[in-house]
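S.K.: Could you have a look at this structure, given as structure tokens, before my questions?
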Ligand SMILES: [Fe+2]
Ligand SMILES: [Fe+2]
């Protein structure tokens, strides 16, 4: 079955490739931190991203959607560059920008679910909800690690993410049901809509 929803098709292809970039970045990130607890937490996040990529692909296959070569190459390079940069930019920045990026990723899966619902498909509601919530867990992990860091207030002021600011309205502590989570990210636009090419 083919789906007639160009924004959804593009968002799936984008998510598939961006998950690879994230996983690559976390390989570098885990390699660059010294503390064992941090290393294993980041390694787990990397595994989550590979899992997401698998899951996105399995959904794409149902609708005969192929990965986009251009995204695959582009995000391969981006992931490797970010991963390598973790070794030279210190401890704070990889933590900060990972958290900020995760914050933006959370809504992608809730929007993807909304797009599917728009064309009458609700089979993926649960799995998309789980992936969105997992991205939120990632965001919160980085947020907690930075909470008391003296650089955070400055970065929060400049880049808009930190203890108070977040790019999504998902609340991990008060988890709502899959059904209720429809209200998440209502006013957000997806990366595929914002013209990430
Ligand atoms: Fe992910
Ligand atoms: Fe993530």
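Numbering (the numbering used here), first residue to last: 41 to 237. The beta carbon of each residue, even a glycine, is placed where N, CA and C say it ideally should be. No experiment lies behind these values; they were computed from the predicted model shown.
#1: Report yes or no: do three or more beta-carbon pairs, one from the stretch 118-131 and one from the stretch 58-67, lie closer than 8 Å?
#2: If you follow the alpha helix (DSSP H) that residue 192 is part of, which residue opens it and which one closes it?
#3: Going by the C-beta, is residue 189 closer than 7 Å to any heavy atom of ligand 2?
#4: From what residue to what residue does the alpha helix (DSSP H) around residue 147 run?
#5: Is residue 92 near ligand 1, going by C-beta to nearest heavy atom under 7 Å?
#6: Please determine whether the Cβ atom of residue 145 lies at a distance below 7 Å from any heavy atom of ligand 1.
#7: For the stretch 88-138, which segments carrying the beta strand (DSSP E) assignment without a break, of at least 3 residues, lie completely within its bounds, in sequence order?
M.R.: Per the coordinate set shown:
#1: yes
#2: In the chain shown, residue 192 corresponds to position 152, counting from 1. Its alpha helix (DSSP H) spans residues 192-199.
#3: On the chain shown, position 149 is the one that residue 189 refers to. No, the beta carbon of residue 189 sits no closer than 7 Å to any heavy atom of ligand 2.
#4: The sequence position of residue 147 within the chain shown is 107, counting from 1. Run containing residue 147: 132-158, per the alpha helix (DSSP H) assignment.
#5: Translated into the one-based positions of the chain shown, residue 92 becomes position 52. Under cutoff, so the answer is yes.
#6: Taking the first residue of the chain shown as position 1, residue 145 is located at position 105. Yes - ligand 1 has a heavy atom lying nearer than 7 Å to the Cβ of residue 145.
#7: none
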